[in-house]
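Residue numbers (UniProt numbering), protein chains in the order written: chain A, 1 to 227; chain B, 1 to 227. One structure below.
Protein chains: 2
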Amino acid sequence: MSLPSNVPQAASGRQVARPVPLRETVYDAILEMIITGELAPGRHLVEKELAEMLGVSRQPVREALQWLKKDEWVDLRPGYGAFVHSPTPEEADQLLGVRTLLEAESARLAALHSTKEGVAALKQTYKRGVAALKADDIDTVVSANAELHTQITAMSGNKILGELAGQVARRVRWYHTPVAKSRGKKSWDEHAALIDAIAKGDADLAARLMREHTEHTRESYLERAED
Amino acid sequence: MSLPSNVPQAASGRQVARPVPLRETVYDAILEMIITGELAPGRHLVEKELAEMLGVSRQPVREALQWLKKDEWVDLRPGYGAFVHSPTPEEADQLLGVRTLLEAESARLAALHSTKEGVAALKQTYKRGVAALKADDIDTVVSANAELHTQITAMSGNKILGELAGQVARRVRWYHTPVAKSRGKKSWDEHAALIDAIAKGDADLAARLMREHTEHTRESYLERAED
DNA sequence: CGCCCGCATACTGTATGCTAAATCCGACGA
DNA sequence: TCGTCGGATTTAGCATACAGTATGCGGGCG
């Protein structure tokens, strides 16, 4: 056949690998540096510096900084510059409160909308987390934990809720990481019970378990924060 | 004293009346145009056009558009341009769900942290709303309604919560306005009961009332949306 | 007559130059 | 010694210029 030209149709979802706008790459890069601690809280970020560091012009850096400001990762002082946001204990506490609220509701909805496949995916992530826990592979534990929560919020079917919960959770994780690496096995036992409740479609139980789960995290935060 | 030149000192909280960055003005201007409907959903926003319209260069416009994208007021198509976001019924529904969640929690916390002055302020706003209702002054009714909710979320003492609730509420109002101007007297009766619960410090009651109140709004939305 | 290719156009993406303002530091005076 | 003033420097804010790419249209071929 001629296969004249027509629609490549890139079978799978995405077209042909569009070049991601530079500002997004820059945004990710800076955020990464903030989360890993390479850029410490309070640090003065200079556009020109970042631009040179990343090998781009100031323009994309500016736009990335605007995004970061919107997400509260940096504070922008007009006329001066950007500073990595310094979380206050009060703010961390409020954030934890909001997270509890959002995640509990997510769990409730997830229980109502749970599917076989969804639950299977949850269990798989759970296994990954537990295995990493046994192997003392902290990084994987943390990432599995994050993914599990993401999956649950996604399963809620409410995109707005999922988006908010995701943002809040990411900030919480950043605040939380330095004080408490993880609560270990107990946390994963709670996960197991939670998944069970979702699988059974018991919305109230799921919400309650998630609420308790995130509250435990909050308590562990408050304990450690007393240093 | 000499008052040689120095600081005008703009008495109240903020420093000295800093000249607001242009991008913020532009942001407000565009948002205003979106909310009032001057820029209809789906409309293609051209940077150059907006820049000329507002008498500034493309740069501040770009930054304002990035902010608007973050707040989901516009959709940004890489390589093409910005479009005023078109709300889907599904999205509106999810947004209403999240709003209920956030506002109910705000009311609960507000009840726990209520002060004499705060309650007095609420009552004042309430009076303003009721008076405007009688006078058929729709604009004032709407603004009083918005202010009342804002005051309650502020009273919760949780800034994060307040910020999220504010954003969500503004979008809800935009979606909602075209279909249902207001629910009238009944809505304000509910407000009265809610303020009462907050004044008494009855957190559970306040949360329940707020939940019912916002759910009523949701129902009225769904009814009208069937056109 | 319909489809497809190729070109012209318009817009965004990115880079850079210029201006105004905020900060910092040193010197002067009380 | 401390407070204050003034200048130098740094930095963001804003404007403009250039390049890459998506889009839409018109002409030509089947």
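Idealized CB from N, CA, C, for every residue including glycine.
Starting from residue i, trace the alpha helix (DSSP H) in both directions and tell me its first and last residue.
{"i": "Val141 (chain A)", "result": "Ile138 to Met155"}
{"i": "Ala82 (chain B)", "result": "Counting along the chain, Ala82 (chain B) falls outside any alpha helix (DSSP H), though it belongs to the beta strand (DSSP E) covering Ala82 to Val84."}
{"i": "Arg58 (chain A)", "result": "Arg58 to Lys70"}
{"i": "His191 (chain A)", "result": "Lys185 to Lys200"}
{"i": "Ser106 (chain B)", "result": "Pro89 to Leu112"}
{"i": "Leu54 (chain A)", "result": "Glu47 to Leu54"}
{"i": "Gly118 (chain A)", "result": "Lys116 to Lys134"}
{"i": "Ala169 (chain A)", "result": "Lys159 to His176"}
{"i": "Leu39 (chain B)", "result": "Premise fails: Leu39 (chain B) is in no alpha helix (DSSP H) and is neither H nor E."}
Thinking residue i and residue j are a contact (beta carbons under 8 Å), I'd like their distance in whole angstroms, please.
{"i": "Trp174 (chain A)", "j": "Lys70 (chain B)", "result": "At roughly 19 Å, the Cβ-Cβ gap does not stay under 8 Å, so Trp174 (chain A) and Lys70 (chain B) are not in contact."}
{"i": "Gly201 (chain B)", "j": "Ser114 (chain B)", "result": "6 Å"}
{"i": "Arg58 (chain B)", "j": "Glu47 (chain B)", "result": "5 Å"}
{"i": "Leu54 (chain B)", "j": "Val84 (chain B)", "result": "The Cβ separation is near 16 Å, so there is no contact."}
{"i": "Arg108 (chain B)", "j": "Ala203 (chain B)", "result": "5 Å"}
{"i": "Glu72 (chain B)", "j": "Arg171 (chain B)", "result": "7 Å"}
{"i": "residue 244 (chain B)", "j": "Met210 (chain B)", "result": "Since the first and last residues shown for chain B are 1 and 227, residue 244 (chain B) lies out of range."}
{"i": "Arg164 (chain B)", "j": "Leu65 (chain A)", "result": "Rather than Arg, the amino acid found at residue 164 (chain B) in this sequence is Leu. With a Cβ gap of about 22 Å, Leu164 (chain B) and Leu65 (chain A) do not count as contacting."}
{"i": "residue 290 (chain B)", "j": "Ala192 (chain B)", "result": "Any question about residue 290 (chain B) goes unanswered here, given that chain B covers just 1 to 227."}
Going by DSSP, what residue range makes up the beta strand (DSSP E) through residue i?
{"i": "Val74 (chain A)", "result": "Val74 to Leu76"}
{"i": "Val26 (chain A)", "result": "First-last for Val26 (chain A): Leu22 to Thr36, but that is the alpha helix (DSSP H), not the beta strand (DSSP E)."}
Whole angstroms is fine: what's the gap from residue i's alpha carbon to residue j's?
{"i": "Asp75 (chain B)", "j": "Lys134 (chain A)", "result": "44 Å"}
{"i": "Ala10 (chain A)", "j": "Gln124 (chain A)", "result": "Summary for Ala10 (chain A): the model assigns pLDDT 37, below 50, so the residue's position carries little reliability; its value from the coordinates is reported in the next sentence. Taking the straight line from one Cα to the other gives about 29 Å."}
{"i": "Thr88 (chain A)", "j": "Asp137 (chain B)", "result": "43 Å"}
{"i": "Pro21 (chain B)", "j": "His44 (chain A)", "result": "20 Å"}
{"i": "Ala121 (chain B)", "j": "Arg128 (chain B)", "result": "11 Å"}
{"i": "Ser220 (chain B)", "j": "Gly162 (chain B)", "result": "24 Å"}
{"i": "Pro8 (chain B)", "j": "Pro19 (chain B)", "result": "With a pLDDT of 33 at Pro8 (chain B), under the threshold of 50, the modelled position of this residue cannot be trusted, and the question is left open."}
{"i": "His213 (chain B)", "j": "Ser187 (chain B)", "result": "7 Å"}
{"i": "Ile152 (chain B)", "j": "Gly79 (chain A)", "result": "34 Å"}
{"i": "Glu223 (chain A)", "j": "Val56 (chain B)", "result": "52 Å"}
{"i": "Leu112 (chain A)", "j": "Ala51 (chain B)", "result": "48 Å"}
{"i": "Arg77 (chain B)", "j": "Ala131 (chain A)", "result": "42 Å"}
{"i": "Arg99 (chain B)", "j": "Val168 (chain B)", "result": "6 Å"}
{"i": "Ala110 (chain A)", "j": "Asp93 (chain B)", "result": "16 Å"}
{"i": "Glu24 (chain B)", "j": "Lys116 (chain A)", "result": "47 Å"}
{"i": "Tyr27 (chain A)", "j": "Glu147 (chain A)", "result": "21 Å"}
{"i": "Thr140 (chain A)", "j": "Ile160 (chain B)", "result": "29 Å"}
{"i": "Glu215 (chain B)", "j": "Leu101 (chain B)", "result": "10 Å"}
{"i": "Met33 (chain A)", "j": "Arg62 (chain A)", "result": "16 Å"}
{"i": "Met155 (chain A)", "j": "Arg183 (chain B)", "result": "33 Å"}
{"i": "residue 240 (chain A)", "j": "Thr177 (chain B)", "result": "What is shown of chain A runs 1 to 227, which leaves residue 240 (chain A) out entirely."}
{"i": "Ser12 (chain B)", "j": "Ala144 (chain B)", "result": "Low confidence applies to Ser12 (chain B): its pLDDT is 37, below 50, so where it sits in the model is not reliable enough to give any reading."}
{"i": "Ile195 (chain A)", "j": "Glu105 (chain A)", "result": "14 Å"}
{"i": "residue 233 (chain A)", "j": "Leu31 (chain B)", "result": "Residue 233 (chain A) falls outside the range modelled here, since chain A spans only 1 to 227, and no answer is possible."}
{"i": "Val16 (chain B)", "j": "Ala82 (chain A)", "result": "Only weak support exists for where Val16 (chain B) lies, its pLDDT of 49 falling under 50; the coordinates are left without a value."}
{"i": "Gly118 (chain A)", "j": "Val142 (chain A)", "result": "20 Å"}
{"i": "Ala207 (chain A)", "j": "Gly97 (chain B)", "result": "16 Å"}
{"i": "Ile35 (chain A)", "j": "His149 (chain B)", "result": "34 Å"}
{"i": "Leu95 (chain B)", "j": "Leu95 (chain A)", "result": "20 Å"}
{"i": "Gly166 (chain B)", "j": "Gly37 (chain A)", "result": "31 Å"}
{"i": "Asn6 (chain B)", "j": "Tyr126 (chain B)", "result": "Because the pLDDT of Asn6 (chain B) is 29, which lies under 50, any placement of that residue in the model is unreliable, and the question is left without a value."}
{"i": "Pro60 (chain A)", "j": "Lys185 (chain A)", "result": "43 Å"}
{"i": "Ala29 (chain B)", "j": "Ser86 (chain B)", "result": "19 Å"}
| Which of the residues in the stretch 100-117 of chain B, read from start to end, lie with their CB under 7 Å from any CB of chain A? | Those would be Leu101 and Glu105, in chain order.
Looking at chain A, which residues of the stretch 144-174 of chain B have a Cβ within less than 7 Å of any of its Cβ atoms?
-> Along the stretch 144-174 of chain B, going in chain order, the ones with a CB nearer than 7 Å to a CB of chain A are Asn158, Lys159, Ile160, Leu161 and Leu164.
Notebook entry, point to check: Taking Cβ-Cβ distances below 7 Å as the criterion, which residues of the stretch 205-224 of chain B are in contact with chain A?
Noted result: Considering only beta carbons, no part of the stretch 205-224 of chain B lies closer than 7 Å to chain A.
Residues of the stretch 51-63 of chain A whose Cβ lies closer than 8 Å to any Cβ of chain B, in chain order | Arg62 and Glu63
> According to a CB-to-CB cut-off of less than 7 Å, which residues of the stretch 20-32 of chain A neighbour chain B?
Replying inline: For the stretch 20-32 of chain A, the beta-carbon criterion of a distance under 7 Å to any beta-carbon of chain B is satisfied by Pro21.
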